[in-house]
Amino acid sequence: MEAATMSRDKKARSEQSAQAATRKTASSLFGTDRSSDVPDSTVGVITHDDPVFTCRSVDVFYANKQAIFGVDLDIGRHEVISMIGPSGCGKSTFLRCLNRMNDTIAIARVTGRIELDGQDILDSRIDVVPLRARVGMVFQKPNPFPKSIYENVAYGPRIHGLARDRVELDEIVHTSLERAGLLKEVKDRMDQPGTGLSGGQQQRLCIARAIAVSPEVILMDEPCSALDPIATARIEDLIDELKENYTICIVTHSMQQAARVSQRTAYFHLGYLVEVDETDKIFTNPSHKLTEDYITGRFG
Ligand SMILES: Nc1ncnc2c1ncn2[C@@H]1O[C@H](COP(=O)(O)OP(=O)(O)O)[C@@H](O)[C@H]1O
Ligand SMILES: [Mg+2]
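Residue numbers for the sequence shown, in this note's numbering: 2 to 301.
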């Protein structure tokens, strides 16, 4: 193991044990639920050799209620990582930390450290507009703008000044639609409303819109839950292709989907990151009882 990696692991471990003390105290506030079962620190491997994101001791509060407790997690470059766990365990809340979307919720407060390529994105001086271009987001319900297909994709590059002229803008729009696997279906009707497409096509349009501003990371919050199985399969194939160029963090309530698309899987429980590891390991031989109970359907 390289010296740099080793010291990073060591640092993460000492950070984890420092955090363990506060974790148990905080978890006891939950009382009768299974929070007393959460491990002192995350089980598995929280680090990555080539991290895009390095999250340490991340807490999130909604007013006085804590929703995320001391999450330590690296997210690797060009990996697909799934976030799974019972409803309300904090998957969406954690995902929204990664591009400061919790800023849009007045009562939300995020503390700890989240570095994107070494830069602390929780710093209040960070401009969230370019951050959200670097870390794009795709939501549960496809949400195209009430504009043409072309304008949906051209919107981001225009506001970020990514194209010098119409030729360059056309090029970005076409490439983004192509990468999102939608170009063939829409190339003869680019001026028609994006909202007129099928659900699956709308979701791929939203992915094209995210891609158009050259993000490093795409956050997807249950992107297939409003889609039929065929449209879902297309998005899953697309995720597989996109990981060549992008990091993808996907929240899913489908364990089959997590198993199909991701290299690593993170299991959240009552606001704690209980376990994170290679996806195969999580689904065939999880280390923690809570993870096992969830994947075998005994809980959640
Ligand atoms: N906007 C909000 N205001 C207050 N509480 C919220 C808000 N969003 C989520 N929560 C609470 O935070 C916890 C985690 O929610 P969430 O991140 O949506 O979980 P998941 O995505 O895993 O279902 C829940 O207890 C939920 O009620
Ligand atoms: Mg959610």
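The beta carbon of each residue, even a glycine, is placed where N, CA and C say it ideally should be.
None of these values were measured; they are calculated from a predicted model.
Distance, residue j Cα to residue i Cα
i    : j    : result
G195 : V72  : 38 Å
N65  : I106 : 14 Å
R190 : G91  : 40 Å
G197 : H254 : 27 Å
E152 : P224 : 22 Å
E179 : S36  : 45 Å
L30  : L206 : Confidence at L30 is low in this model, with a pLDDT of 45, below 50, so the placement of that residue is unreliable and no value is reported for it.
Q141 : I251 : 11 Å
Q258 : Q264 : 12 Å
S28  : L271 : For S28, the predicted structure reports a pLDDT of 43, less than 50, and the residue's modelled location is therefore unreliable. The matter cannot be settled from this model.
R97  : I127 : 16 Å
T33  : G298 : The predicted position of T33 is uncertain, since its pLDDT is 44 and thus under 50; a value taken from the coordinates is nonetheless stated next. Cα to Cα, T33 sits roughly 20 Å from G298.
R167 : Y156 : 13 Å
R159 : Q120 : 26 Å
P145 : Q202 : 10 Å
Y273 : I296 : 16 Å
R78  : V46  : 16 Å
F284 : P216 : 30 Å
R165 : M256 : 44 Å
E245 : I236 : 15 Å
K282 : D50  : 18 Å
D124 : L220 : 20 Å
K188 : M102 : 32 Å
Given residue i as reference, the closest of the options once Cα atoms are compared
i    : options                   : result
R133 : L74, L99 and I249         : L99
S288 : V130, R299, V275 and D238 : V275
D222 : P143, D192 and V154       : P143
V129 : V59, E217 and D104        : D104
D238 : V277, A181, V214 and K290 : A181
D278 : G272, L271 and A260       : A260
F305 : T292, I249 and K282       : Limits of the chain in this structure are 2 at one end and 301 at the other, which puts residue 305 out of reach.
E116 : T248, V187, F54 and V214  : F54
F70  : D50, D118, P216 and T43   : T43
K185 : I283, I150 and P230       : I150
R57  : I173, T280, G113 and D192 : G113
K148 : Y247, D281 and Q193       : Q193
Y247 : E80, P87 and S177         : E80
H161 : V214, P87 and K188        : V214
I249 : D38, I82, V61 and D294    : I82
Distance between beta carbons of residue j and residue i, contact taken as under 8 Å
i    : j    : result
A267 : M84  : 5 Å
D75  : P52  : 4 Å
L243 : G200 : That belief does not hold up - the Cβ atoms of L243 and G200 are roughly 19 Å apart, past 8 Å.
T94  : A68  : 5 Å
I240 : V262 : 5 Å
I122 : Y63  : About 20 Å; that fails the 8 Å criterion.
L183 : I173 : Incorrect: roughly 14 Å between the Cβ atoms, too far for contact.
Near ligand 2: residue i beta-carbon under 7 Å from a heavy atom
i    : result
N41  : First, the residue type needs correcting, since residue 41 is Asp and not Asn in the sequence shown. Incorrect: D41 has no Cβ contact closer than 7 Å to ligand 2.
K92  : yes
V252 : yes
D222 : yes
Residue i: CB within 7 Å of a non-hydrogen atom of ligand 1
i    : result
G71  : no
I1   : One cannot answer for residue 1 here, as it falls past the ends of the chain, which runs 2 to 301.
G113 : no
A68  : yes
Y268 : no
S88  : yes
Worksheet item: Counting Cβ pairs closer than 8 Å, one from the segment 135-154 and one from the segment 203-212, do we hit at least three?
Response: The way I'd put it, the segment 135-154 does touch the segment 203-212; three or more beta-carbon pairs between them come closer than 8 Å.
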